Each structure stands twice: as structure tokens, then as C-alpha cells.
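Add 1410 to a position in the sequence shown, counting from 1, and you land on the number used in our numbering.
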Amino acid sequence: MPGAEGALQTTTTGQIMFQKPALDALFDELDNRYAGTPDYDQLLRDAHLGIALSDAGREYESQVDDRVATLIATHKTID
């Protein structure tokens, strides 16, 4: 598991999961880029779905908007 500032946590099954700092950064970036756009609500829903799928070790890229998939991939990298 990364240090106190780490964004990810490894579960007992070896799956890497998002932690609060990474989630906060992802949603801050989503807000900064897309808040006020017509598709913002859908992007938020996609972000929640994509994060859940990612944390479960399942493929999410084809199930969410490409913009959200990029943010998830960016914020899930290990520091």
C-alpha cells in the first residue's frame, strides 16, 4: 500500500482500488472540465460506474464515456 498520500490501496486479492485522495482529484478534475455542460450529469454517473467496475477488477472503458475512462486511467496510476 502506498504511503499516507497514496491514491490506491491493494486488497487481499491483489486488486488495486481507489482511495479518497484519488477520488477527490478525479471528481475535482471532472467538475473543473465539465460542470455546466449538458452532459455533466451523465459524466458523473459514468464516473461512479467506471470507478466501481475498476475497483472490482472489471473492464470499464467500453461502458463509460471516453472522457471519463481517460480520467479514471489517469487517476488510478500508482504514484
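C-beta atoms are modelled at their ideal positions from N, C-alpha and C, and glycine is treated no differently.
In this text the structure is predicted, and so the values were computed from the model without any measurement.
Query	Result
Assumed close pair H1485, L1436 - CB separation to whole angstroms, cut-off 8 Å	4 Å
Sequence-distant residues of its chain with Cβ nearer than 8 Å to Q1452 (five each side left out)	D1475
Pairwise C-alpha distance: D1441 and E1471	20 Å
Straight-line Cα distance separating K1430 from E1415	With a pLDDT of 46 at E1415, under the threshold of 50, the modelled position of this residue cannot be trusted; read the value that follows with caution. Answer to the nearest angstrom: the Cα atoms are 10 Å apart.
Unbroken alpha helix (DSSP H) run spanning K1430, endpoints	1430 to 1444
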